[in-house]
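What follows is a set of notes on a single structure, which appears directly below.
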Amino acid sequence: MNCTAVYDLVTSDCPNVSTKAAVSVAAPSEPECVLRCTLSSDCRLSVYLRDSHTCYNLPESPSTSITTKCASGMIVRRKKTGSSTVLTSLSFASQIVMFYDFRKSFNNLASPYLPTAEPVNILHKNSVDGVRLEDTIGSYVQVKTPGFFRYFFYGQKFNIFFQGKFSSNSVDKCISSFTDNRTGAYDSRIFARSDGVLEAKIYFPNGTVDYASWSSDSVLPRDSVERTITLGVNFEGNRFAGQAYFNGTVLSTSVDGYGSGGMGKPLLDIHDYLLLGRCKKNFTKPFNGWLRCWGFA
């Protein structure tokens, strides 16, 4: 299953975006415009105007007026029939803050002005599986995220998406964590447990509630075979959503916990770094396998 849909570049018969049916949004880059189309089940055409940094996501229907020539500075891409993504199952209608497809690059596809990922001890990368993380040499991907605490204020809504290829054998494996990268006293993390359970814990930098935690039923096959795993987790503002998404199917929540008191607020520096494949708490082992995509919205 792909992180992104597949598109054809359109060089003629471009849509007329001056019609009332065409609704625009501001987008700093053409990749973000394409990503918005990917995340919409109704979008068939991604239209980006470079001069005005304007994005149109259009359905391809008889109501869409067609011109015979693409305007100067217009980039149009048509989503191929049957091309889909599990991201459309998530509530990614909010602002897309970060989206990385490591099969392509370490750039943030949501916006060129937002953080670029930094590989640490990465020895292998390809266009099929992404980057290979090896726990024996301490490889992971790092993103500097100063000020990201504001996305984790108690009451904020967000979504996290992950796709990778790994085995779920006898050890816990870290998928991703936000941390201060210094003491590592606290980290907001997602990891795969050795018993096949997916677990997440989020710390709040403000408010009377210190953290919320979530875990799934046992869904990961417990063997040494590397399989493609796609995971989406939604947070509804003060608790994890009652469902998450695993390989395109809905997961029900089995545990939903809270903790409060004694941490000392505010905790404004515990989300300054995003570590993909590495957790500093809970004795969780580093991720060992292929990392393809990771997103936050």
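Counting along the sequence shown from 1, when you hit position 246 you're at 249 in the working numbering, and nothing is skipped either side. For glycine and all other residues, C-beta sits at the position ideal for the given N, C-alpha and C. A quick note: this is a predicted structure, and the numbers were derived from the prediction, not measured.
Point to revise | Endpoints, the beta strand (DSSP E) within which N162 is located | key: Looking at the DSSP string, the run of the beta strand (DSSP E) that includes N162 is 161-169.
Exercise for review: Would you identify the three-state DSSP class for R295, choosing helix, strand or coil?
Suggested key: Residue state, collapsed to three classes: strand.
Practice item. Could you tell me whether the Cβ atoms of V146 and N111 are closer together than 9 Å? Key: A contact, by the Cβ cut-off of 9 Å.
Point to revise | Separation of N250 from K107, as counted between CA atoms | key: Distance between the alpha carbons of K107 and N250: 21 Å.
Practice item. For the beta strand (DSSP E) containing K147, list its first residue and its last residue. Key: Start and end: 143-147.
Point to revise | Counted within 10 angstroms of its Cβ, other Cβ atoms place D45 as buried (16 or more) or exposed | key: Its Cβ having fewer than 16 others within 10 Å, D45 is exposed.
Review point. Taking the Cβ atom as the reference point for each residue, do V79 and V13 lie within a distance shorter than 9 Å?
Key: Taking 9 Å as the Cβ cut-off, V79 and V13 qualify as a contacting pair.
Check your understanding: Going by alpha carbons, who is nearest to E63 out of L48, D54, G76, L52?
Key -> Minimum Cα distance to E63 is reached at L48.
Point to revise | Under the three-state DSSP convention, the category I273 falls into | key: Taken through DSSP and simplified to helix, strand or coil, I273 comes out as coil.
Review point. Going by the CB atoms, is the gap between Y103 and G280 shorter than 9 Å?
Key: No, Cβ-Cβ distance for G280 and Y103 is not below 9 Å.
Review point. Any idea which residues DSSP pairs V134 with across the strands?
Key: Paired residues: K128, L294.
**Study point:** Residues sharing a beta bridge with K288, DSSP
**Key:** Looking at the DSSP assignment, K288 forms a beta bridge with K176.
Practice item. Measure the Cβ-Cβ separation of C58 and V100 and say whether it is below 9 Å. Key: Going by beta carbons, C58 and V100 fall outside the 9 Å limit.
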